[in-house]
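In the UniProt record's numbering, the protein residues as written are 1 to 263. Backbone N, C-alpha and C define an ideal beta-carbon position, used for all residues, glycine too. Quick caveat, the model's predicted, so the values are computed rather than measured.
This is the structure:
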């Protein structure tokens with residue numbers, strides 16, 4: 001069975017290691033590769049993968065919204081997010097799901113009780129779209145979203161009327177949880193944020209991850225005396241959800257996460 005993850009950049013992806021570890025739990029023989037995505041040829045890359053007997057495909061930055069648009073059949077949570085990170089073919093139709101939200105929630109619950117929290121998401125792209133409804137379903141008190149591009153934020157607010165879109169001044173509010181859903185850490189770029197954002201000492205979560213060191217966002221949060229973790233736990237949890245879609249069995253995530261963390 002052939003599987004892959006497509007994105008750009010992609011060399012850092014741990015998805016092949018994770019899915020191989022899951023497969024070993026059940027004695028499943030599979031191949032899982034990294035594919036460097038190309039925006040101009042993305043649709044053709046997806047088509048070629050499945051034409052060449054590909055079984056399942058994970059999608060990462062910056063192609064999640066494009067992947068959703070290509071799918072012929074999508075799950076309800078995928079439709080709500082309007083972005084997809086898990087693809088497969090069934091009866092010659094391209095199916096899509098978004099497992100990011102459940103992955104994030106499962107990991108966050110290791111650290112927080114989400115009910116009634118004031119939450120801020122940084123970023124309004126496909127990564128943010130995948131986690132908005134799952135967070136709202138947990139009963140958070142407020143879900144604010146900040147994005148440097150007001151146009152993209154306006155579109156997001158139109159699609160998700162329950163969020164609170166905020167501009168720079170809105171970052172003066174006290175938040176319990178701040179989630180970085182931008183590509184800043186992957187691209188190793190700093191996000192300009194006001195110092196007041198850290199004053200309430202929010203728990204900080206980066207959807208990006210690095211295997212050996214803190215991401216730039218996690219480092220920034222820790223330098224401001226905030227508890228912070230990267231998205232490695234989310235990556236493992238969303239991968240488990242995708243694995244169960246493709247194989248019909250649910251893997252144990254804890255031992256895989258411990259290996260990746262070097263515990």
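| Asked | Found |
| --- | --- |
| Under 8 Å between C-beta atoms of residue 84 and residue 68 | yes |
| Spatial distance of residue 5 from residue 58 (CA atoms) | 4 Å |
| Whole-Å CB distance - residue 239 paired with residue 18, under 8 Å assumed | 5 Å |
| Cβ-Cβ separation, residue 145 to residue 163 (assumed contact under 8 Å), whole Å | 5 Å |
| Inter-residue Cα distance where the pair is residue 65 and residue 128 | 11 Å |
| Within the region 57-130, ranges of the alpha helix (DSSP H) (whole runs, at least 4 residues) | 64-70, 76-81 and 100-108 |
| Inter-residue CB distance, residue 172 and residue 194 (contact presumed, cutoff 8 Å) | 7 Å |
| For residue 144, the three-state DSSP class (helix, strand or coil) | strand |
| Cβ-Cβ separation, residue 130 to residue 71 (assumed contact under 8 Å), whole Å | With 8 Å as the limit, residue 71 and residue 130 do not qualify as a contact, their Cβ atoms being about 14 Å apart. |
| Three-state secondary structure assigned by DSSP to residue 196 | helix |
| Same chain only: Cβ atoms within 8 Å of residue 203, ignoring 5 sequence neighbours per side | 111, 112, 176, 177, 178, 226, 227 and 228 |
| Backbone CA spacing between residue 95 and residue 231 [nearest angstrom] | 25 Å |
| DSSP three-state assignment for residue 27, whether helix, strand or coil | coil |
| Rounded distance between the beta-carbons of residue 180 and residue 123, thought under 8 Å | 7 Å |
| Rounded Cβ spacing between residue 21 and residue 218 (contact assumed at less than 8 Å) | No, residue 21 and residue 218 are not in contact; Cβ-Cβ is about 24 Å, not under 8 Å. |
| Classification of residue 23 by the beta-carbon crowding that lies within 10 angstroms, buried from 16 upward | buried |
| Proximity to residue 34 [Cα-Cα], best of 48, 50 and 15 | 15 |
| With 16 other Cβ atoms within 10 Å as the buried cut-off, status of residue 36 | exposed |
| Beta-carbon contacts of residue 2 that lie in its chain and below 7 Å, excluding the five residues immediately before and after | 31, 53, 54 and 55 |
| Where residue 121 falls, given that 16 or more other Cβ within 10 Å makes a residue buried | buried |
| Under 8 Å between C-beta atoms of residue 174 and residue 118 | yes |
| Rounded separation between residue 39 and residue 63 - CA only | 8 Å |
| Own chain, CB closer than 6 Å to residue 197, minus 5 neighbours either side, in chain order | 171 |
| Alpha carbon of residue 79 to alpha carbon of residue 29, nearest angstrom | 32 Å |
| Residue 27 and residue 234 closer than 8 Å at C-beta | no |
| Secondary structure of residue 257, DSSP reduced to three states | helix |
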